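S.K.: Quick note: to get the working numbering, add 78 to the position in the sequence shown (first position is 1).
Don't be surprised by glycine CBs; every beta carbon is placed ideally from N, CA and C.
Keep in mind it's a predicted model, so treat the numbers as computed, not measured.
Structure provided below as structure tokens; questions to follow.
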Amino acid sequence: MRPYILPFLGFLPVVLTQCPDYTTYSNQSHEPLSSGRYKLSYQRPSPTCRTFNISDVETTIANVTSQITDPDLARLFENTWPNTLDTTVRWKGTANNSDEELAFVITGDIDAMWLRDSANQMQSYLALLKPSSDPNSLASLYRGVINLQARNIQTAPFCNSFQPPPESSLAPASGSTAKVTPSYSPNQVFECKYELDSLAAFLQISSEYYSATGDAAFFGKYSWLQAVQTVLNTANAMMESTYNANGTINEGPYNYIQSSTSGTETLTNSGYGNPVQNGTGLVRSVFRPSDDASIYQFLIPSNMQFSHFLSTASTIAATLNTTDATALSKQMSDLSATIRAGISAYAIVHQNIPGGGQVYAYEVDGYGGTNIMDDANLPSLLAAPFIGYTNASDPIYVATRALILSQRNPYWAAGPVIEAVGSPHVPFEQVWPMSAIVRSLTSDDDDEIAAQIKMILSSTNGLGLIHESIFTYDAARFSRPWFAWANGLFGQLIVELASSRPEVLKRSYQ
79 MRPYILPFLG FLPVVLTQCP DYTTYSNQSH EPLSSGRYKL SYQRPSPTCR TFNISDVETT
139 IANVTSQITD PDLARLFENT WPNTLDTTVR WKGTANNSDE ELAFVITGDI DAMWLRDSAN
199 QMQSYLALLK PSSDPNSLAS LYRGVINLQA RNIQTAPFCN SFQPPPESSL APASGSTAKV
259 TPSYSPNQVF ECKYELDSLA AFLQISSEYY SATGDAAFFG KYSWLQAVQT VLNTANAMME
319 STYNANGTIN EGPYNYIQSS TSGTETLTNS GYGNPVQNGT GLVRSVFRPS DDASIYQFLI
379 PSNMQFSHFL STASTIAATL NTTDATALSK QMSDLSATIR AGISAYAIVH QNIPGGGQVY
439 AYEVDGYGGT NIMDDANLPS LLAAPFIGYT NASDPIYVAT RALILSQRNP YWAAGPVIEA
499 VGSPHVPFEQ VWPMSAIVRS LTSDDDDEIA AQIKMILSST NGLGLIHESI FTYDAARFSR
559 PWFAWANGLF GQLIVELASS RPEVLKRSYQ
């Protein structure tokens, strides 16, 4: 057992040595088992070991489970939706000599805070978010995550995951040993893979907090505007082409080299990756949201997400109604439009194969190079409506979706246990349940949604949690027993279905 820190008591965290290490706990079965065919384990820590308690969450769990007919589905929801709050809020407090709220939310079995993961982990509870100044509220936790993300982006804007803040007194974890330019402190940064979706995630959680609470004053109080300016500066720097107009090399601001047996863990061309063309209007993403190296660095799902949340977050800046904020808002909306135009110009391609037609490419380079595939991790092409870029009836999205969910996608895999989208991040035979969840979130077909739920429900190996990836032929072979984002995303799906399609929850999944 490791010491477990309950952060919601402010400056005096209580260390409870009797609380188990959840990485081990999540990989074991615990009674009472669900009464259905799959006999799913109960996986919530005891109330005294939960890292952040919100009564509205407990009320919602009770309300939603009362609408679910299938006992195994009820158990899977009960385990997964509160997983971030139950297990990953490692510390919550305030900045030194300030009332600025900070929250360090880890990804799960990796003891670090990813910008992408933490934003999406919080999104799981968006339906319950409301204005509150209570330090034990969901709104306070959101503000703590936003403020710490803002600090981290200003500290190391090219990095994707971070160590605990010094105020927490938590020891930094052992992180990456890659050689990175610009350099960073390992006491502040866990890993420094430049991923455009990390910057988009900051705009996403900011937009979602503002939309739910209307709390514009919060964004003018600390360093949010400065962080957004850093986001814009970073994105603009990563729009530069590989070659200057006179033919010389534009080395760019970011370089990454790591000794690895996996090609996805380092970059070609002396740490710069493959070349990109000038004038596309797109922003480079050297790594994908799976933390794997991009082949062509104009990663389209990340550009989609960044464009959308630049637009929504520009509204926040405009609301602050200062000269600097108004100018920043215009920069954001202009860049959003530029990226959207770049996607239309370079990322819509024609597939000259049976069942082809116009589809969105996963990656492009501006020279005509295109990568036709999708990866399970978010943002993905499959998730384009979910991240707000387009709607599910968009004909190009419909065609792209059909490609993704078929053998025309090189990372689609199917077996007797599960069929879904995989990733170069894991072996060919493994797929991510996350992609089946996203398939459900972007579908208006009850039968399709129910099929995904049944497949997910039957493939947890009896543990009752959503794993990162699963072998399509063997549910006992999976990666990451404790992956809080995927757990929350499944719970988010069930909460949405309880509101929009309650009849799906009345079905049997035995």
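Taking DSSP as the reference, what is the three-state secondary structure of residue 507?
M.R.: Coil at residue 507, not helix or strand.
S.K.: Go ahead and pull the three-state DSSP assignment for residue 174.
M.R.: Coil.
S.K.: Note down, one range per segment and in chain order, each alpha helix (DSSP H) of at least 4 residues found wholly within the stretch 468-550.
M.R.: Whole alpha helix (DSSP H) segments, 4+ residues: 473-482, 511-519 and 524-535.
S.K.: Could you say if the stretch 188-200 and the stretch 235-242 meet the contact criterion of at least three C-beta pairs nearer than 8 Å?
M.R.: Enough Cβ pairs lie closer than 8 Å, so yes.
S.K.: Among 445, 156 and 126, whose alpha-carbon lies nearest the alpha-carbon of residue 137?
M.R.: Of the listed residues, the one whose Cα sits closest to residue 137 is 156.
S.K.: State the CB to CB distance for the pair residue 300 and residue 330, rounded to an integer number of angstroms; the pair is presumed to be in contact (CB under 8 Å).
M.R.: Wrong, their Cβ atoms sit about 30 Å apart, outside the cutoff.
S.K.: Identify whether residue 194 lies in helix, strand or coil by the three-state DSSP scheme.
M.R.: Of the three classes helix, strand and coil, the one that applies to residue 194 here is helix, per DSSP.
S.K.: Going by the DSSP bridge assignment, what does residue 429 pair with across the sheet?
M.R.: Answer is 435, bridged to residue 429.
S.K.: Is residue 84 buried or exposed, if buried means 16 or more other CB atoms sit within 10 Å of its CB?
M.R.: Because residue 84 carries a pLDDT of 46, less than 50, the predicted location of this residue cannot be relied on, and no value is offered for it.
S.K.: Based on Cα-Cα distance, which residue from 352, 494, 274 and 369 lies nearest to residue 316?
M.R.: For residue 316, the nearest C-alpha among the options comes from 274.
S.K.: Output the boundary residues of the alpha helix (DSSP H) element that contains residue 398.
M.R.: Start and end: 378-398.
S.K.: Using 10 angstroms around the beta-carbon of residue 280, count the other beta-carbons present and answer buried if the total reaches 16, otherwise exposed.
M.R.: By the neighbour-count rule (16 or more Cβ atoms within 10 Å), residue 280 is buried.
S.K.: Can you give me the Cβ contacts of residue 345 inside the same chain, cut-off strictly under 8 Å, excluding the 5 residues immediately before and after it?
M.R.: Excluding residues within five positions, the ones whose Cβ falls inside 8 Å are 333, 334, 335, 351, 364 and 371.
S.K.: Could you name each continuous beta strand (DSSP E) segment of 3 residues or more that falls completely within the stretch 265-306, going from the start of the chain to the end?
M.R.: Counting whole runs of 3 or more residues, the stretch 265-306 contains the beta strand (DSSP E) stretches 267-269.
S.K.: Do residue 361 and residue 431 have their C-beta atoms closer together than 8 Å?
M.R.: No.
S.K.: So, for residue 353: in the same chain, excluding its five sequence neighbours on each side, which residues have a beta-carbon less than 6 Å away from its beta-carbon?
M.R.: The residues are 320.
S.K.: On a Cα-Cα basis, can you pick out the residue from 491, 463 and 436 that is closest to residue 453?
M.R.: Nearest option by C-alpha distance: 491.
S.K.: Quick check on residue 167: buried or exposed, where buried means 16 or more other Cβ atoms within 10 Å of its Cβ?
M.R.: Per the 10 Å Cβ criterion, buried.
S.K.: Should residue 187 be labelled buried (16 or more other beta-carbon atoms within 10 Å of its own) or exposed?
M.R.: It counts as buried.
S.K.: Taking only the alpha-carbon atoms, compute the straight-line gap between residue 103 and residue 509 and give it to the nearest angstrom.
M.R.: Distance between the alpha carbons of residue 103 and residue 509 is about 23 Å.
S.K.: For residue 398 and residue 294, which I take to be in contact (beta-carbon distance under 8 Å), what is that distance rounded to the nearest angstrom?
M.R.: Sure, about 6 Å apart at Cβ, within 8 Å.
S.K.: Using the C-alpha atoms, what's the distance from residue 405 back to residue 229?
M.R.: Rounded to the nearest angstrom, the two C-alpha atoms are 22 Å apart.
S.K.: Could you work out which residue in 342, 160, 120 and 252 is closest to residue 130 when comparing CA atoms only?
M.R.: Residue 160 is the option with its Cα nearest to residue 130.
S.K.: Can you round the beta-carbon distance between residue 550 and residue 493 to whole angstroms, since I take them to be within the 8 Å contact cut?
M.R.: Correct: roughly 3 Å between the Cβ atoms.
S.K.: Which class does residue 412 belong to by DSSP, given the choice of helix, strand or coil?
M.R.: Residue 412: helix per DSSP, three-state reduction.
S.K.: Does the distance from the CB of residue 234 to the CB of residue 262 come in under 8 Å?
M.R.: A contact, by the Cβ cut-off of 8 Å.
S.K.: What does a CB cutoff of less than 8 Å around residue 347 pick up in its chain, not counting 5 residues either side in sequence?
M.R.: The answer, listed in chain order, is 353.
S.K.: When burial is assigned at 16 or more other CB atoms within 10 Å of the CB, is residue 428 buried or exposed?
M.R.: With fewer than 16 Cβ atoms within 10 Å of its Cβ, residue 428 is classed as exposed.
S.K.: Keeping to the same chain, check which residues put their C-beta closer than 6 Å to that of residue 520; ignore five residues upstream and five downstream.
M.R.: Hits under 6 Å: 463, 464 and 470.
S.K.: Helix, strand or coil for residue 130? Go by DSSP, reduced to three states.
M.R.: Coil, per DSSP.
S.K.: Kindly confirm or deny that the stretch 116-133 and the stretch 523-538 touch, where touching means at least three C-beta pairs closer than 8 Å.
M.R.: Yes, the stretch 116-133 is in contact with the stretch 523-538.
S.K.: Rounded to whole angstroms, what's the CA-CA distance from residue 506 to residue 377? Just pull it up for me.
M.R.: Going by the C-alpha atoms only, they are around 21 Å apart.
S.K.: Where does residue 216 fall in DSSP's three states?
M.R.: In the structure shown, residue 216 sits in a helix (DSSP, three-state: H, G or I).
S.K.: Exposed or buried, what is residue 311 when buried is set at 16 or more other beta-carbons lying within 10 Å of its beta-carbon?
M.R.: Exposed.
S.K.: With a CB to CB cut of under 7 Å and the five nearest residues on each side skipped, what residues in its chain are close to residue 222?
M.R.: Closer than 7 Å at the Cβ level, and outside the excluded window around residue 222, lie 170, 179, 180 and 181.
S.K.: Determine the burial state of residue 150: buried for a count of at least 16 other Cβ atoms within 10 Å of its Cβ, exposed for fewer.
M.R.: Burial call: buried.
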